[in-house]
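See below for the structure under consideration.
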Amino acid sequence: MTTNSSEDLKQRLTEMVDSMPAFPESVCRIIEITSDINCSPKELVKVVERDPVMTMKILKMVNSAFFALARNVSSVQHALVYLGLNTIKNLAVSIATIESLPRQSIPELKMSDFLVHSLATASVAQWLAKNQLNIRDASDHFVGGLLHDFGKAVFIQFEPATYGKLILEAKAMNLPLAQVEMEHLGVSSAEVGALLAEKWQLPEQLVNCIRTQLECNKESSDLVLTVAAANTVVKAMHLGDNGDPYIGGFSDVMSSRLGCNLEDVVAQMQGLPDEVNRLLSMVRG
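Per full-length UniProt numbering, the sequence shown starts with residue 1, numbered consecutively.
And the structure:
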């Protein structure tokens, strides 16, 4: 990637983000609807059913071994009754996310490993929100964890050789990948991911989470907190790979607000590899 000037870089980033697949309009609408705690389930069903491909994929997932329902579900309405509104939202976002991943990996970061890391981070972020912060509806934390690293997917898609070299440098020196990105590109993958989330018209809190999750502080939202902590947990457990070799630990802010440390959470996550494998089986059909 050329970095002759900030304007050149900004133009190139805009072109890269614009070239990424669009998030389905139906999924953006689903996220918008479910952000209202008083939303109508009937409205959600209508939105999903207007997208026959999304409907088919959701029903396939709902009827997979992952959910192990006692009977076959043949409609979105029935799926909503059995699984709830937020599970349907997570399924829709997961489907759209997987389809937005680059088809080709780079030697330094396989897309299969990237997907494992993303799903694991989503699961841990949701667990932290529910169990440490007592947040009843933690579906946004799942989505935030799933999407937190998607700026890297943009670089892998459009600048594979350059980005591969940055990953190798970070690993050779055990430096945070974001630090190497800033040194060589003048922009972090977190910022690129936020630009992509804006293009996808995702809610402002999700955009902000993607943009700021590497700078978690006492002013950060609960969403940023759980995603940042979950990312650290998953890297410490060596589940999948996001190209960043630097693990670190929980900051004082994380430990204080979550009421636990990294070792505490890792000890609670013995079932996470199996959970991720079940999620993988589901999303891959």
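Virtual Cβ for every residue (Gly too), placed ideally from N, Cα, C. No experiment lies behind these values; they were computed from the predicted model shown.
**Item:** Selection from ILE106, LEU115 and LEU83 that minimises the alpha carbon distance to ILE98
**Value:** Along the sequence shown, one-based indexing puts residue 98 at 98. Nearest of ILE106, LEU115 and LEU83 to ILE98, Cα basis: LEU115.
**Request:** Quick one: measure Cβ to Cβ for THR232 and ILE247, integer angstroms, because I've assumed they're closer than 8 Å.
**Result:** As a working mapping, residue 232 is identified with position 232 in the sequence shown. As a working mapping, residue 247 is identified with position 247 in the sequence shown. Right, the Cβ-Cβ distance comes to about 7 Å (below 8 Å), so this counts as a contact.
**Asked** Under the DSSP definition of a beta bridge, which residues are partnered with LEU109?
**Response** By 1-based counting over the sequence shown, the position of residue 109 is 109. Its beta-bridge partners are ILE106.
**Prompt:** Going by alpha carbons, who is nearest to GLY84 out of MET56, ASN208 and SER40?
**Reply:** Counted from its first residue, the sequence shown places residue 84 at position 84. Ranking MET56, ASN208 and SER40 by Cα distance to GLY84 puts SER40 first.
**Prompt:** Who are the Cβ neighbours of GLY164 in its own chain at under 6 Å, not counting the five residues just before and after it?
**Reply:** Reading the sequence shown from its first residue, position 164 is the one you call residue 164. Closer than 6 Å at the Cβ level, and outside the excluded window around GLY164, lie ILE106 and GLU108.
**Prompt:** Are there 16 or more other CB atoms within 10 angstroms of the CB of GLY249, so buried, or fewer, so exposed?
**Reply:** Taking the first residue of the sequence shown as position 1, residue 249 is located at position 249. Classification of GLY249: exposed, given that the 10 Å Cβ count is below 16.
**Option nearest MET54 by Cα separation, candidates ASN63, ASN72 and LEU91** = For the purposes of this step, residue 54 is taken as the residue at position 54 of the sequence shown. Considering only alpha carbons, the answer is LEU91.
**Neighbour-count burial assignment, LYS152, 16 or more Cβ in a 10 Å radius** = Locating residue 152 in the sequence shown gives position 152, counting from the first residue. That one is buried.
**CA nearest to the CA of PRO21, picked from LEU196, ILE210, SER281 and LEU59** = The residue you call residue 21 lines up with position 21 of the sequence shown. The option with the nearest alpha carbon to PRO21 is LEU196.
**Message:** Going by beta-carbon coordinates alone, are VAL234 and HIS117 separated by less than 8 Å?
**Reply:** Taking the sequence shown and counting its residues from 1, one reaches residue 234 at position 234. Taking the sequence shown and counting its residues from 1, one reaches residue 117 at position 117. The Cβ atoms of VAL234 and HIS117 sit closer than 8 Å to each other.
**Message:** If distances are taken between C-alpha atoms only, which option among THR34, GLY193 and SER26 comes closest to CYS209?
**Reply:** For the purposes of this step, residue 209 is taken as residue 209 along the sequence shown, with counting starting at 1. It is GLY193.
**Request:** Just mark THR3 as buried or exposed, buried being the case when its beta carbon has 16 or more other beta carbons within 10 Å.
**Result:** As a first step, residue 3 must be located in the sequence shown, where it is residue number 3. Confidence at THR3 is low in this model, with a pLDDT of 46, below 50, so its placement is unreliable and no value can be given for it.
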